[in-house]
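Undergrad: Per full-length UniProt numbering, residue 1 is the first one in the sequence shown, and the count goes up by one each step.
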Amino acid sequence: MVHHHRCNVLKKGGDEEAGTLVFLYYSRRRPNLLSVLFLSLLSCTFILAPHLFSASSSLSQFCKLFSLLGFAYFYFVSAFFYFTSMVFAGSFGVQNEGFVGNIDVNAPLCSSIPDGRICCDRSHFRSDICFMKGDVRTHSPSSSVFLYSSKSNNRFISYVSSMIDDGEQEEHDELQHEKIKPYTRKWETSIMDTIDELDLISKGANLGVRHPCDVIHNVPAVIFSTGGYTGNLYHEFNDGIMPLYITSQHFNRKVVFFILDYRNWWVMKYGDIISHLSDHPVIDFIGDNRTHCFTEAIIGLRIHDELTVDSSLMRSNESIVDFRNLLDRAYWPRIRGLIQKEEQETVDKKMSISPTSGSVFDYQARKPKLVILSRNGSRAIMNENSLVKTSEEMGFQVQVLRPERTTELAKIYRSLNSSDVMIGVHGAAMTHFLFMKPGSVLIQVIPLGTEWAAETYYGEPARKLGLKYIGYKIMGRESSLFDEYDKDDPVLRNPSSFTKKGWEYTKKIYLEDQTVRLDLRRFGKRLACAYYCITGIHPQSSLE
């Protein structure tokens, strides 16, 4: 479920929250030259110490140590001249928070890395994302992804490792090791505890022989989780589908998706969308024990904001409208099939229609279409039938839509794509506004205690999509809570005093135990506004 209490977290967190970028050529502070040289010499000492004090005193061991000492001296002197030149050139460190080289400093962190590197961007409070480039290989039994680097991060370490016995080398063969849970609710510790963790490990190229490829891919991989709140429509789009679009659309379908916490029903439900983001079958990361090999992999997904795509953060300035156009391309082939099937089934009925009825159908077609998203249980509209009647009297063609978990998304898309107005009570089902055409009208009924969430999760994103948004905040007397509490009770008079106490209070009082009975005379003004927005005509209503 959506956690309303995170309002303060989001407001305080933002992009200003301290993050960590893991990259070999990246630094947030200018290092001290003497410190770097001292650490270099100290590293040599630790590596050589076991050999200097070992019991063996053979000539070969002595020659080996002498060679190591010579190399250490060469390494130390080289490091001195290298760091000195970097300091005097004014190019050591990263003053512009970017990478060494001609990199666009406004680009996302880790947007460009050399071969043989792992780069993790942990700067965003919503999610971490890591990039691996080079010889990338999966290992599902250990929940790991390996990168075998042909270019050692440290030539001296590699040289020393080659002279150490195999048993000792095994302890020192990791060049870099990162951990990541590839899900986009990083700040929610309780839900992140349920997400599978991956180990990202960089090793020397010579160790790749122990880990041969079973499947070689000539396209990149994107690895993400469908765990967490999956099962809730809002979270399936906000935490999964939209971040997947943001992260992968620039590959133009030349990408393979690997899923942690794999759910077959999820792949079936969103197959139409996935097929327009990737030309390849989705792979269950844990369930497929084969070693898959790539030259590039992205682990985790980027997320911008609630149900939105920030064009300023996209490579080609894609927006939420472009995401909606993707949905259009994904669902219309199936919708055409549904239409053709219905037309075939009604051929005989059309033959028996009387001549006068054609004008009735034409009249119906000219009416603006209004879809009511119906709910059962909590936050249901108790006088829904009266709402239907009022809307029809105003001049709308009304459809009541009751989506179930098993309802095919293409069928829901068809209904809302052809609608002019959608009415719904705040809740996950409001995510369906993404299926509406820009220029349509969205009316969200806002129960007591849900004002902030209604605006943040659906109101603002709907405007970004180009919808005409109307928020209808109910009065106390329109809530079922009016019959349960005294009229002066803070639950009715000051809902924010309870919602600020945390998610559990909001959930228990305002989400689970509240239904709505609309004041149709008051609500009728919103209907009239919606009718005028669509037709440019002031409607006639029995409520006047």
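In this text, a Cβ means the ideal position worked out from N, Cα and C, and glycines have one as well.
Since we're looking at a predicted model, the values are computed, not measured.
Which first and last residues belong to the beta strand (DSSP E) in which Tyr245 is found?
TA: Within the sequence shown, numbered from 1, the residue matching residue 245 stands at position 245. That residue, Tyr245, is in no beta strand (DSSP E); its alpha helix (DSSP H) goes Met242 to Ser248.
Undergrad: Which residue from Thr230, Ser275 and Leu467 puts its Cα closest to that of Tyr183?
TA: Here residue 183 is taken as the residue at index 183 of the sequence shown, counted from 1. The shortest C-alpha separation from Tyr183 is found at Thr230.
Undergrad: Let me see if you follow: with CB-CB separation under 9 Å, is Glu451 close to chain D or not?
TA: Judged by its chain identifiers, the structure shown contains no chain D, having just a single protein chain.
Undergrad: Can you give the Cα-Cα distance for Ser391 and Lys525, rounded to whole angstroms?
TA: One-based indexing of the sequence shown puts residue 391 at position 391. One-based indexing of the sequence shown puts residue 525 at position 525. Answer to the nearest angstrom: the Cα atoms are 11 Å apart.
Undergrad: If you draw a straight line from the C-alpha of Ile335 to the C-alpha of Asn218, how long is it?
TA: Looking up residue 335 in the sequence shown gives position 335. Looking up residue 218 in the sequence shown gives position 218. Distance between the alpha carbons of Ile335 and Asn218 is about 33 Å.
Undergrad: In the structure shown, what three-state DSSP assignment does Glu188 receive?
TA: Residue numbering aside, residue 188 sits at position 188 when the sequence shown is read from its first letter. Glu188: coil per DSSP, three-state reduction.
Undergrad: Any contact of the region 201 to 221 with the region 313 to 329, i.e. 3+ C-beta pairs under 8 Å?
TA: When C-beta atoms of the region 201 to 221 are compared with those of the region 313 to 329, fewer than three pairs fall below 8 Å, so the two segments do not count as touching.
Undergrad: On the premise that Val425 lies in contact with Ile381, defined as a C-beta separation below 8 Å, what is that separation, rounded to the nearest angstrom?
TA: On the sequence shown, residue 381 is found 381 positions in, with the first residue counted as 1. On the sequence shown, residue 425 is found 425 positions in, with the first residue counted as 1. Contact flag correct, Cβ pair sits at about 6 Å.
Undergrad: How long is the line joining the alpha carbons of Ser386 and Val400, rounded to whole angstroms?
TA: As a working note, residue 386 is residue 386 in the sequence shown. As a working note, residue 400 is residue 400 in the sequence shown. Looking at the two C-alpha atoms, the distance is approximately 12 Å.
Undergrad: Confirm, please, whether the CB-CB distance from Met436 to Leu409 is below 9 Å.
TA: The residue labelled residue 409 in the question sits at position 409 within the sequence shown. The residue labelled residue 436 in the question sits at position 436 within the sequence shown. Going by C-beta atoms, Leu409 is not nearer than 9 Å to Met436.
Undergrad: Report the three-state DSSP secondary structure of Ile157 (helix, strand or coil).
TA: Reading the sequence shown from its first residue, position 157 is the one you call residue 157. With a pLDDT of only 45 at Ile157, under the threshold of 50, the placement of this residue in the model should not be trusted, and no figure is reported.
Undergrad: Excluding the 5 residues flanking Gly476 on each side, which residues of the same chain have their C-beta closer than 8 Å to its C-beta?
TA: By one-based count along the sequence shown, residue 476 stands at place 476. For Gly476, where only same-chain residues beyond five positions count, the Cβ hits under 8 Å are Leu448, Phe482, Lys487, Leu492 and Arg493.
Undergrad: Rank Lys411, Ile474, Gly204 and Leu518 by C-alpha distance to the C-alpha of Pro333 and give the top, closest one.
TA: As a working mapping, residue 333 is identified with position 333 in the sequence shown. Comparing Cα-Cα distances from Pro333 to each of Lys411, Ile474, Gly204 and Leu518, the minimum goes to Lys411.
Undergrad: Hey, out of Thr407, Gly377 and Val309, whose CA is closest to Pro461's CA?
TA: Counted from its first residue, the sequence shown places residue 461 at position 461. That would be Val309, whose Cα lies nearest to the Cα of Pro461.
Undergrad: For the candidate residues Leu313, His235 and Ser278, whose alpha-carbon lies nearest to that of Val256?
TA: As a working note, residue 256 is residue 256 in the sequence shown. When each option's Cα is compared against that of Val256, the closest is Ser278.
Undergrad: With three or more C-beta pairs closer than 8 Å as the rule, is the region 237 to 251 touching the region 195 to 211?
TA: no
Undergrad: Suppose the cutoff is 6 Å on Cβ atoms and the five residues either side in sequence are ignored; what does the same chain contact list for Leu442 look like?
TA: As a first step, residue 442 must be located in the sequence shown, where it is residue number 442. Excluding residues within five positions, the ones whose Cβ falls inside 6 Å are Met422, Phe433, Ala462, Leu467 and Tyr469.
Undergrad: Is it the case that the Cβ atoms of Arg414 and Ile303 are separated by a distance below 9 Å?
TA: On the sequence shown, residue 414 is found 414 positions in, with the first residue counted as 1. On the sequence shown, residue 303 is found 303 positions in, with the first residue counted as 1. Contact: no.
Undergrad: Looking at C-alpha atoms only, which residue of Asn376, Ile118, Lys507 and Met394 is the closest neighbour of Tyr368?
TA: Along the sequence shown, read from residue 1 onward, the residue named residue 368 stands at position 368. With the sequence shown as reference, residue 368 is identified as Pro, and Tyr is not the correct amino acid for it. Closest option to Pro368, Cα to Cα, is Met394.
Undergrad: Alpha carbon to alpha carbon, how far is Glu504 from Val36? Give it in angstroms, no decimals.
TA: By one-based count along the sequence shown, residue 36 stands at place 36. By one-based count along the sequence shown, residue 504 stands at place 504. Since pLDDT at Val36 reaches only 45, below the 50 mark, its modelled position is unreliable, and the value read off the structure follows with that caveat. Each residue's alpha carbon lies about 51 Å from the other.
Undergrad: Considering only C-alpha positions, which residue in the set Asp328, Pro403, Gly227 and Asp173 is nearest to Glu197?
TA: Mapped onto the sequence shown, residue 197 falls at position 197. The candidate whose alpha carbon is nearest that of Glu197 is Gly227.
Undergrad: Roughly how many angstroms lie between the CA atoms of Ala528 and Thr535, to the nearest whole one?
TA: Here the question's residue 528 lines up with position 528 in the sequence shown. Here the question's residue 535 lines up with position 535 in the sequence shown. Each residue's alpha carbon lies about 10 Å from the other.
Undergrad: What is the DSSP secondary structure of Arg336, counted as helix, strand or coil?
TA: Looking up residue 336 in the sequence shown gives position 336. Residue state, collapsed to three classes: helix.
Undergrad: Going by Cα to Cα distance, which pick from Glu296, Ile339, Leu338 and Ser419 is closest to Leu373?
TA: For the purposes of this step, residue 373 is taken as residue 373 along the sequence shown, with counting starting at 1. For the residues Glu296, Ile339, Leu338 and Ser419, the minimum Cα distance to Leu373 belongs to Ser419.
Undergrad: Spatial neighbours of Asp305 within its chain, please: CB distance less than 7 Å, with the 5 preceding and 5 following residues excluded, ordered by chain position.
TA: Numbered from its first residue, the sequence shown carries residue 305 at position 305. Same-chain partners within the cutoff: there are none.
Undergrad: Bridge partners of Lys369, per DSSP?
TA: For the purposes of this step, residue 369 is identified with residue 369 of the sequence shown, where counting begins at 1. Answer is Gln397.
Undergrad: Just to confirm my understanding: we take Leu208, look at its own chain, exclude 5 residues before and 5 after, and list those with CB closer than 7 Å. What are they?
TA: Position 208 of the sequence shown, counting from 1, holds the residue named residue 208. Checking the displayed sequence, the identity of residue 208 turns out to be Gly instead of Leu. Answer for Gly208: Asp135 and Tyr148, listed in chain order.
Undergrad: Between His211, Glu343, Glu174 and Val516, which lies nearest to Pro141 when the distance is taken from Cα to Cα?
TA: Locating residue 141 in the sequence shown gives position 141, where the first residue counts as 1. Of the listed residues, the one whose Cα sits closest to Pro141 is His211.
Undergrad: Whole-angstrom Cβ separation of Ile273 and Ala330, contact assumed at under 8 Å?
TA: Position 273 of the sequence shown, counted from the first residue, corresponds to residue 273. Position 330 of the sequence shown, counted from the first residue, corresponds to residue 330. The Cβ separation is near 5 Å, so the contact holds.
Undergrad: Relative to the C-alpha of Val398, which candidate in Thr406, Asp173 and Val371 has its C-alpha closest?
TA: Translated into positions along the sequence shown, residue 398 becomes position 398. Looking at the Cα atoms, Val371 is the closest of the given residues.
Undergrad: Please state whether DSSP places Tyr485 in a helix, a strand or coil.
TA: Residue mapping note: residue 485 aligns to position 485 of the sequence shown, counting from 1. Three-state result, Tyr485: coil.
Undergrad: Ignoring anything shorter than 3 residues, give me the beta strand (DSSP E) runs that lie fully in the region 257 to 314, in order along the chain.
TA: 292 to 299
Undergrad: Whole angstroms are fine: how far does the CA of Tyr234 sit from the CA of Phe258?
TA: By 1-based counting over the sequence shown, the position of residue 258 is 258. By 1-based counting over the sequence shown, the position of residue 234 is 234. Just so you know, the alpha carbons of Phe258 and Tyr234 end up roughly 22 Å apart.
Undergrad: Quick one: grab the DSSP three-state call for Tyr469.
TA: For the purposes of this step, residue 469 is identified with residue 469 of the sequence shown, where counting begins at 1. The answer is strand: DSSP assigns Tyr469 an E or B state.
Undergrad: Return the first residue and the last residue of the alpha helix (DSSP H) that residue 545 is part of.
TA: One cannot answer for residue 545 here, as it falls past the ends of the chain, which runs 1 to 544.
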